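Residue numbers (my numbering), protein chains in the order written: chain A, 298 to 634; chain B, 14 to 254; chain C, -13 to 257. Note that the Cβ used here is the ideal one computed from N, Cα and C, for glycine as well. In this text the structure is predicted, and so the values were computed from the model without any measurement. Notes follow the structure.
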Amino acid sequence: MNSYLVKAFCSVLLFFLSFPLALHFGSTDFGLNDLVNWFYSEPTMDETVMQTVLFNIRLPRILVGSLVGGSLAAAGVLSQGLFQNPLASPSVIGTTAGGSVAAALMFFTGVGGFHWLSLPLAAFTGCVVSTSIILLLASTKKMHSVETLLLAGFALNALFGAVTSFVLTLLLSDFQKFPALMFWMMGGLDAKGWWHLNILWPSVLLGVVLAWRISPKLDVLALGTDVASTLNVKVNSLRVISIITIAILVGAAVSVAGAISFVGLVVPHITRIQFGPHHRRLLFYSFLNGSTLVILSDVLARTLWSPQEVQVGILISILGSVFFFWLLFNRHKFSGS
Amino acid sequence: MGIKIHSVNHRLSKGFSLTGINLDIDDGEMSVIVGPNGAGKSTLLKVAAGLIKPDTGFVEVSGRDIREVSSESMSKLISYLPPSSSVMFDYTCEDIVTLGRYPYHKGLVSALDRKVVNDSMETMKIRHLAGEIIDHVSTGELKKVMIARCLALQPKVMILDEPCASLDLSASVSLMNLLKLLCGNGMSIVLSIHDVHLASKYGDKCFAMKNGREYMAGDASSVLTKNNIASLFDINEYELT
Amino acid sequence: MAIEPSYASSYNRIASLTLLTDEVLWELTNKKSSQKILSLSSLVRNRSYSCIADKVANVKSPPSYSVEQIVSMKPDLVLAANFNRPSLLKFLKQSSIPFELFKSSGSFSDLWRNISRLGEIIDEKKQAIKMIAGLKRRISVIKNPKQPQKLVSYSSELFFPGKNSSFSQIAKAAKHRNVIDEYSKDGSWVRLSSESLLTIPIDFIVVGIRPNATKKQMIAEISGHESWKNLPAVRDKKFLFISNAYLLSLSHCMVDAVELLSREVYEQLPR
């Protein structure tokens, strides 16, 4: 039996199954059975509440989670291709940190309260700005190697991280803003509705289309930048477009769900072990796997300590790393395509 | 035709320059570039491949000035092999060779591409390695895969930087034989090599370099005499048997 | 070193590090005894949290912001609480500065004890007894509503005070109850999911209003918030606005909060 088909089938199946699963489970008892009953016109007592829970709370949240997971994984694929390193992730070039610092400043100045859109916009802008700084640095010096990019990313991460922490200490005495910022920084899908989905999907679509287009060029990079140049791959513009696409994908995800990390590192890495290094195929399955990871983690986040809710970013880090360890030890069973 | 380098001067940042380089390689000719370390061989090959734009002078490939040729056309004319390569991800050998034809397929591999790739691997006698992960093959086999990758493009000119580095003598000899065969089919090949023995045996023309300048150029047999080699490398003639 | 409660205390240079001790001291002191207060906490002028913010605007005693400042003032007693920063408490323990640790979990019995102790410290025992009696009386005259209402404290992060929190105690004293009590097992704060919030029966949402926010702004914020907007209580605009400083207080201002809460509910319910 063709092992690729089996793996592909599993990936796609899990992806599609995660939706009804996530719709069924939550911190209240409403589930798919209620949906079925409702269809067949057997009215239950809490019908309006059930509708609200399933259609206005869970469903948009699941869809947002899917797009967030998928776009972060896609950004991870691009980062790993850009740096030709399976340990790279979007946070390496400081994108996520930019979003965090913008959000922190929003909370601190209180501007975030004016309109529900201001925090997502700020976070998105933060991601784009920090990525632009990287691009600027990368274009002033001739890009001999990718190390310049990495170092610039480290510096940005350090700077933004410090500013964010500083803002946090300033907010320490504010009993409302401090937990709010902390929760945001852990990354969560709580209180995400149709509005959030509507601002998310255009950016994700754009980012994914761009990523799809440049993926074959990332394969050529495996031969080295010199050889790639002779094969008519313009390495510098490829780097620029990759970075911009990463900014769009991560910016969209961070603006809506806060600073979720790990998805961009773990999902492409695991998917590559399953499906091999070709970037188009990797991008496709990473998107699916990223979506599945976030949706299923979110189910756990909502049900494990019910009725309390845990930030999904934390769960993803824990689950992601444990699974990652397991996969490393069993690597020989999952060799590439 | 082939490849011509006209009066190239180029200054690299380290205070090292190529000065007054003129090189002429015809179709079906193998030209070997020899010289001590730091002579500028790699830089010269990069200029020839279009990777470095020289400060003055220009390069002609197949009679066309590469400054006026689109990068797309250039990419179909020249294959370049860097001195060493390491591939980070688990591509198979066949994947790598297929990437060599990227200017043609741009990611969408056709039946024709597959056939050419197959033939290239057959020529290099590595057909059996097609499904192997590139990281798992030996150094010699890796070199062959990379050369097959160059061949897959069906270029007019092959530019190889130290193709025999890290190959043992038998592998080097069979590689040089193979390259000679390709020349016989009309390809121009420029390569740099440390083993002057192999250089004189297989090269048609030789371009000896020292300190960024031409030291001597001409037929391989007349350039690579014991005297010339000794003074090129600043060693005592008596130490050469 | 922490001191043992003693009876004959004559402290003349007292530094207060928490709003709790700030507010009670302020209430207990007269012109003479207020000379004993060297400094108040850094939040005392913050109108979002301090119920005496306006009163202390012109006072001599500066708010103390750092440990260095406190030490340089050479206090003979520092008043800290168990909810001060651990690093500050550790510093105090290791230094030779005499300090007293006040504990409050939000209950009224804690409050009476703290007021009494503070009265001893500044030699205003009679005043303290009078104050406690007055506060107890005010609580005792709180009207019994026809039906105790189920209250929840608004939080944009769905981060609620739970069982035995000061909010729960205030609600109880106002003869209503904090509906989140049932969802918190250990008495600390809980973070609920939007779904659960939707299924909890809520009569009124208690909104702690800050000085720079208007009721209209808060209503707009809550009505637009994904997790709150579907609640029946929000749609029916069943809000109770209480000043944030009173709602979060651990000092006698809790009693003000109780009175305000009781009155607000009374005014909103049909007679």
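- For P317 (chain A), the nearest beta carbon of chain C is not closer than 8 Å to its own beta carbon.
- DSSP places G395 (chain A) in the uninterrupted alpha helix (DSSP H) bounded by T392 to T406.
- Bridge pairing for E227 (chain B): B:M222 [DSSP].
- Under the DSSP assignment, M171 (chain B) falls in the beta strand (DSSP E) whose first and last residues are V170 to L173.
- Neighbourhood of K119 (chain B) in chain A, by CB distance below 7 Å: P513, in chain order.
- Judged by DSSP secondary structure, L104 (chain C) falls outside any beta strand (DSSP E) and instead within the alpha helix (DSSP H) spanning F94 to I107.
- C-alpha of C219 (chain B) to C-alpha of K17 (chain B): approximately 14 Å in a straight line.
- Residues of chain A with a Cβ closer than 7 Å to the Cβ of R177 (chain C) are, in chain order, Q605 and E606.
- Taking all protein chains in view, the Cβ of G210 (chain C) is surrounded by fewer than 16 other Cβ atoms within 10 Å, so the residue is classified as exposed.
- Burial check for Q135 (chain C): the Cβ neighbour count within 10 Å reaches 16 or more, so the residue is buried.
- For L515 (chain A), DSSP assigns no beta-bridge partner whatsoever.
- Close to chain B, meaning a Cβ-Cβ distance shorter than 8 Å, are the following residues of the region 552 to 578 of chain A: R569, G573, P574, H575 and R577.
- In the DSSP assignment, L191 (chain B) falls within the unbroken alpha helix (DSSP H) covering L182 to G197.
- In this structure T32 (chain B) is in contact with G225 (chain B), their Cβ atoms being roughly 5 Å apart against a cut-off of 8 Å.
- Of the residues assessed, Y251 (chain B) falls on the exposed side of the cut-off, its CB having fewer than 16 other CB atoms within 10 angstroms.
- For the pair L579 (chain A) and P565 (chain A), the CB atoms are nearer than the 8 Å cut-off.
- Interface criterion met: the Cβ of H211 (chain C) is under 8 Å from a Cβ in chain A.
- Taking 8 Å as the upper bound on Cβ-Cβ separation, chain B lies near residues D516, V517, A519, L520, G521, D523, V524, S526, T527, L528, N529 and V530 of the region 516 to 530 of chain A.
- Distance from the Cα of S82 (chain C) is smallest, within the candidate group C:V57, C:S90, C:A66 and C:K89, for C:V57.
- When the alpha-carbon of L447 (chain A) is set against those of A:A549, A:I390 and A:V374, the nearest one is in A:I390.
- For the set B:K214, B:F246, B:I206 and B:L237, the Cα lying nearest the Cα of P96 (chain B) is the one of B:I206.
- Apart from sequence neighbours up to five positions away, the residues of its chain that approach T152 (chain B) with a beta-carbon distance below 8 Å are S179 and L180, ordered along the chain.
- In the DSSP assignment, the residues bridged to Q605 (chain A) are C:L178.
- One thing to note: F584 (chain A) has its Cβ no nearer than 8 Å to the Cβ of A452 (chain A).
- The criterion of a C-beta distance shorter than 8 Å is not satisfied by L236 (chain C) and S179 (chain C).
- Beta-bridge analysis with DSSP links S123 (chain B) to no other residue.
- Taking a contact as a CB-CB distance under 8 Å, the pair A525 (chain A) and V517 (chain A) counts as one, their CB atoms being some 5 Å apart.
- For G587 (chain A), the nearest beta carbon of chain C is not closer than 8 Å to its own beta carbon.
- For S300 (chain A), the enclosing alpha helix (DSSP H) has its first and last residue at S300 to H321.
- Identification of chain C residues near P476 (chain A) by a Cβ-Cβ cut-off of 8 Å yields E143 and F145, ordered along the chain.
- Think of a sphere of 8 Å around the beta carbon of N382 (chain A): the chain B residues whose beta carbon falls inside it are M101, in chain order.
- Around the beta carbon of S300 (chain A), fewer than 16 other beta carbons lie within 10 angstroms, which makes this residue exposed.
- Per DSSP, the beta bridge partners of H23 (chain B) are B:L31.
- Of the candidates A:R599, A:S534, A:F620 and A:G490, A:S534 places its Cα closest to the Cα of L379 (chain A).
- When B:E85, B:D40, B:D103 and B:L188 are compared, the shortest CA-CA separation from E175 (chain B) is found for B:L188.
- The beta carbon of P67 (chain B) does not come within 8 Å of any beta carbon belonging to chain A, so the residue lies off that interface.
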